[in-house]
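K.L.:
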């Protein structure tokens, strides 16, 4: 028997060539980038999949083959932003090493990573938060995202507590909850878009705020 994979449509073989794979990837990226621009400009609810297809220059069927639902499309936009190849990822690629760093370095690294994530994702994250109130699929994805963020914050709080580095008037639970509350797209957008701060100013503020709140340092 041939080892080639057969499709279920009449036994026709599916050939996957590097060029075809590259074209499919490029099409997916174009759809995703187009959808992000439309979501940010017109809003999630007012952007239809047909509008995405037209703006991306592809058939609507192509959009649905790549992304069965609009929620899938927004979710991939957010995940792609979070996983940007040029993003600093010490807590993802070397979590044990990052969490074992001295307390001041750990807080500084977490602030830098969080500021970078917010600069890349805050606006699409805010879209997801808003749309989740009326989209059950997005609501489920949002809850998973919140749980992952809570877990990250708890890991940092536990690491600081293990070093005896937390301020005397703060518990591990309070430290984790403080991180979860402060590192938030709403705070970022209020300061950057609302108050006119630069991303660097936000980063500096976040580092100072976390250092003071968690470590009791000025």
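Residue numbers (our numbering): 8 to 225.
Backbone N, C-alpha and C define an ideal beta-carbon position, used for all residues, glycine too.
(1) Going straight from the alpha carbon of residue 116 to that of residue 31, what length do you get?
(2) Looking only at its chain, what residues have a beta carbon closer than 6 angstroms to the beta carbon of residue 170, apart from the 5 residues adjacent to it on each side?
(3) If you follow the alpha helix (DSSP H) that residue 143 is part of, which residue opens it and which one closes it?
(4) State the Cα-Cα distance for the pair residue 105 and residue 113, rounded to the nearest angstrom.
(5) Suppose you measure from the CA of residue 222 to the CA of residue 178; what does that come to, to the nearest Å?
(6) Assign residue 149 to buried or exposed, taking buried as 16 or more other Cβ atoms, counted over all protein chains shown, within 10 Å of its Cβ.
(7) With a cut-off of 8 angstroms, do at least 3 Cβ pairs link the region 126–142 to the region 49–63?
(8) Counting along the chain, where does the alpha helix (DSSP H) carrying residue 190 start and finish?
(9) If distances are taken between C-alpha atoms only, which option among 86, 27, 28 and 34 comes closest to residue 155?
(10) Tell whether a beta-carbon distance below 8 angstroms holds between residue 60 and residue 67.
(11) Put residue 51 into one of helix, strand or coil per three-state DSSP.
(12) For residue 220, which of 33, 182, 79 and 27 has the nearest alpha-carbon?
(13) Is it buried or exposed for residue 147, if we count other Cβ within 10 angstroms and need 16 for buried?
P.N.:
Let me lay it out:
(1) 37 angstroms
(2) 110
(3) 143–169
(4) 7 angstroms
(5) 11 angstroms
(6) buried
(7) yes
(8) From DSSP, residue 190 is part of no alpha helix (DSSP H); its letter is neither H nor E.
(9) 86
(10) yes
(11) coil
(12) 182
(13) exposed
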